[in-house]
Structure formats: structure tokens, C-alpha cells
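S.K.: Heads up: the sequence shown begins at 1 in full-length UniProt numbering, then just goes up one per residue.
Each residue gets a CB set at the ideal place from its N, CA and C atoms; glycine is no exception.
Please read these numbers as outputs of a predicted model, since none were measured by experiment.
First, the structure itself, so that you have it in front of you.
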Amino acid sequence: MIISMIAAMAKQRIIGKDNQMPWHLPADFAWFKRCTMGKPVVMGRKTYDSIGRPLPGRLNIVISRDESLVIEGVTMANSIAHALALAGDADEVMIIGGGSIYAECLPKADKLYLTFIDAIIDGDTQFPDWGEQWCESHREHYSADEKNRYAMDFVILERENC
């Protein structure tokens with residue numbers, strides 16, 4: 001199984017503020033949907049709370065230390081290892097946040113789907129530093145427009161074959 005992480009970040013690797021994404025970019029939402037549709041998505045409970053509902057067309061796996069927590073429409077896990085086991089025989093599993101889940105999963109990740117937002121935005125949560133052992137396999141640029149305040153680049157980094 002390929003373990004992938006997907007995140008949007010402003011400069012300084014900012015991914016969130018007060019458990020929310022501090023931007024609204026429909027083009028990034030479309031990229032996220034395209035990359036995750038049909039695949040298991042793994043997230044922490046705070047990330048699930050910020051989304052507020054299961055993502056359609058995907059097996060939603062929520063990690064929580066509270067083993068008594070039950071959320072309708074999602075599969076609960078008590079650890080990253082448990083979540084990955086619950087993803088079963090999927091070809092690729094997508095780790096979608098938040099900050100502590102990203103930090104724990106990065107050493108296991110094979111692929112990073114990153115949106116680089118061309119903006120300095122205040123935040124309290126950063127994506128972990130992924131280091132230099134990654135090769136860029138895809139990049140597409142999206143210019144700012146009437147619905148997307150900031151320009152962004154959609155990038156895929158792969159650990160293999162560098």
C-alpha cells in the first residue's frame with residue numbers, strides 16, 4: 001500500500017489556525033477531491049471536527065485516543081498503525097491531517113501531494129519539514145482568480161527513485 005499525505009500550505013509551511021484552514025480556495029478543494037476520491041482518508045479527530053462530516057466517496061478513518069468515541073459514517077482507529085490496517089488492501093491511503101498526524105506519518109510516507117499557496121498567512125500549525133529525500137514528479141500552477149484569492153502550485157513529491 002502506498003502511504004500518501006495531502007496538505008495545502010502557505011509560506012512557512014502554515015497549514016492551519018485555530019483548527020481551521022485560514023483560506024478558502026475552491027481550486028485546492030478540487031485538487032484534494034481529485035487526489036483522494038475513492039481512496040481511504042485518514043485524519044485526526046480535530047481535523048474531522050473541522051470538516052464536520054464524512055467525505056463522500058471515500059472510506060473515512062478517524063484517529064482518536066478516546067476509544068469510546070463513535071462517529072456515524074466513519075471508521076474509528078486508535079493509532080496510525082490501526083488506521084493503516086483498517087485501510088485494508090487499498091492501493092493508496094491518503095493522510096489528510098492534522099499537524100500531529102502528519103508529523104507521525106511522515107517517516108512512513110511514500111508520496112506527498114502538496115499545494116503551495118503563494119501567500120504569507122498567519123497560523124498556529126505547520127506541516128512538518130519533509131527534508132531532501134523527495135523527488136518532484138508532478139507540478140501544475142494555478143493563478144489567482146475571482147474565486148481563488150491566491151496563486152498556488154499543486155506538487156507531487158515521491159520518496160522512491162530519487
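In the structure shown, what three-state DSSP assignment does arginine 45 receive?
M.R.: The residue given as residue 45 occupies position 45 in the sequence shown. Note: arginine 45 maps to helix in three-state DSSP.
S.K.: Just list the alpha helix (DSSP H) runs in the stretch 6 to 75, keeping only unbroken ones of 4 residues or longer that don't cross its boundaries, in chain order.
M.R.: 26 to 36 and 45 to 51
S.K.: Using a Cβ-Cβ cutoff of less than 7 Å, which residues in the same chain neighbour glutamine 20 once the five nearest sequence positions on both sides are dropped?
M.R.: The sequence position of residue 20 within the sequence shown is 20, counting from 1. Counting only Cβ-Cβ distances below 7 Å, and skipping sequence neighbours, we find Ser50.
S.K.: Our contact map puts tryptophan 93 next to alanine 87 with C-beta atoms below 8 Å; I'd like the distance itself, whole angstroms only.
M.R.: Residue 93 sits at position 93 when you count from the first residue of the sequence shown. Residue 87 sits at position 87 when you count from the first residue of the sequence shown. First, the amino acid is wrong: residue 93 is valine here, not tryptophan. Sure, about 4 Å apart at Cβ, within 8 Å.
S.K.: Tell whether a beta-carbon distance below 8 Å holds between isoleucine 14 and glutamine 126.
M.R.: For the purposes of this step, residue 14 is taken as the residue at position 14 of the sequence shown. For the purposes of this step, residue 126 is taken as the residue at position 126 of the sequence shown. Yes, they are a contact pair.
S.K.: Given a cut-off of 8 Å on the beta-carbon distance, is the pair leucine 59 and threonine 75 in contact?
M.R.: Position 59 of the sequence shown, counted from the start, is the residue given in the question as residue 59. Position 75 of the sequence shown, counted from the start, is the residue given in the question as residue 75. Yes, they are a contact pair.
S.K.: Please list, in chain order, all residues of the same chain as isoleucine 120 whose beta carbon is under 6 Å from its beta carbon, the five residues on each side excluded.
M.R.: Counted from its first residue, the sequence shown places residue 120 at position 120. Excluding residues within five positions, the ones whose Cβ falls inside 6 Å are Lys11.
S.K.: In the DSSP assignment, what residue or residues form a beta bridge with arginine 139?
M.R.: As a first step, residue 139 is located in the sequence shown; it is residue number 139 there, counting from the start. Bridge partners of arginine 139: Val155.
S.K.: Compute the Euclidean distance between the alpha carbons of isoleucine 101 and aspartate 145, then round it to the nearest angstrom.
M.R.: What you label residue 101 is simply residue 101 of the sequence shown in a count that begins at 1. What you label residue 145 is simply residue 145 of the sequence shown in a count that begins at 1. Spanning the two alpha carbons is a distance of roughly 32 Å.
S.K.: Which one of Asp89, Ala90, Tyr150 and Glu132 has the shortest CA to CA distance from aspartate 118?
M.R.: On the sequence shown, residue 118 is found 118 positions in, with the first residue counted as 1. Of the candidates Asp89, Ala90, Tyr150 and Glu132, Tyr150 places its Cα closest to the Cα of aspartate 118.
S.K.: So what does DSSP say about isoleucine 120, is it helix, strand or coil?
M.R.: Translated into the one-based positions of the sequence shown, residue 120 becomes position 120. Looking at isoleucine 120 - three-state DSSP - the assignment turns out to be coil, as it is neither helix nor strand.
S.K.: Is it buried or exposed, asparagine 148, if we count other Cβ atoms within 10 angstroms and call 16 or more buried?
M.R.: Counting from 1 along the sequence shown, the entry for residue 148 is found at position 148. Per the 10 Å Cβ criterion, buried.
S.K.: For isoleucine 80, report the span of its alpha helix (DSSP H) as first-last.
M.R.: Position 80 of the sequence shown, counted from the first residue, corresponds to residue 80. Element bounds for isoleucine 80: 80 to 86.
S.K.: Could you compute how far the alpha carbon of glycine 97 sits from the alpha carbon of valine 155?
M.R.: Working through the sequence shown from its first residue, we reach residue 97 at position 97. Working through the sequence shown from its first residue, we reach residue 155 at position 155. Spanning the two alpha carbons is a distance of roughly 17 Å.
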